[in-house]
Amino acid sequence: MENEIKKSNMSLFEKGVGFGLILVLAGSLLLAFNFGALPHELKRVVFSWQMLLIAIGTFNLFKRQFTSGVILILVGTFFIIPRIVRQFPDAFPGFDGNFTAVYWPLLLIVAGAFLILSRYFAPLGWGSEFRHGDAHNYQKYTGKSVYSHHKGGFEKNSIFGSGQHIVLDPEFKGGEVNAIFGGVTLDLRKTNLPEGISFLEINAVFGGVTLYVPANWLVEMSMDSVFGGFEDKRMYSEEIDTTRKLVVKGSCIFGGGELRN
């Protein structure tokens, strides 16, 4: 019974409750603006694509998608700062209005620091929820034990660059791909999945990822996209192995990707 309660709590935001809360909050804020309870200048900040990134990032954190959640929040926060300054110039005297053009290297610094910290704290479970196929958090997919691997796993970070990678291991142990202002091609056609569910996290920020999988793989896509998208361009195959599944999660922010076979 206790396990069922935990499982229900973890999937709360997966069942539409999180989206419902966002709608309630958005409606409440609109009413507050319409009745003059909040300044009109703030409306241009709250209802913006930058705030949308922050909201989706927060949503992902509740779903335990830490990497994509943090990336979304950081990018949204960076680009929302100039909008706040423009709407409230008196509150920021002497602030450089050309914030994005001057301070964009901060994105690289923060992204690099995050990647280093996520690797450093990986033994504690931070930033490794997909890389290692966290069975505890994703039992809801089958209602029973799923594949879990706590050592190894593919990881590739491409920043202002590109690369092609072919996995030759006998079994694909899950992984993580981050493409920031860059591109990654990951070929899994020469490897196999273990029985159960394996996880691959893909985050494309102003970048792109192309993923190749065998034609008989069962693949489930669950990507959050903002001004981007991840397309399934596989050729249909009648021989699908249903005993193994690859779950692809993550986010595409001003970027995209393709799934091919």
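Each residue of the sequence shown is one higher than the one before, counting from -12 in this note's numbering.
Quick reminder that beta carbons are idealized off the backbone N, C-alpha and C, glycines included.
Values in this document were obtained by computation on a predicted structure and should not be read as measured data.
Straight-line gap, residue i to residue j (C-alpha atoms, nearest Å)
i    : j    : result
R176 : V154 : 8 Å
L40  : F159 : 31 Å
K232 : P181 : 9 Å
P69  : V33  : 13 Å
S35  : D156 : 44 Å
F217 : S209 : 9 Å
A100 : V57  : 12 Å
P76  : L8   : 32 Å
V235 : I43  : 17 Å
Residue i, DSSP secondary structure in three states
i    : result
S224 : coil
A166 : strand
F20  : helix
G216 : strand
L205 : strand
G7   : helix
L104 : helix
C-beta contact flag for residue i and residue j at 7 Å
i    : j    : result
V89  : F79  : no
S145 : V171 : yes
A166 : G194 : yes
G237 : I189 : yes
I240 : V192 : yes
L59  : V97  : no
I227 : N203 : yes
Element boundaries [beta strand (DSSP E), containing residue i]
i    : result
Q151 : S149 to I153
A42  : Taken as a continuous stretch (DSSP letters only), A42 belongs to no beta strand (DSSP E), being part of the alpha helix (DSSP H) at W36 to F49.
F141 : F141 to I146
F186 : G183 to V192
V234 : R231 to I240
G161 : Segment: none, G161 is in no beta strand (DSSP E) and carries neither H nor E.
L246 : G243 to R247
V200 : Note, V200: premise wrong, no beta strand (DSSP E); not H, not E.
Span of the alpha helix (DSSP H) around residue i
i   : result
R31 : H27 to V33
G63 : F53 to Q74
A88 : F86 to Y90
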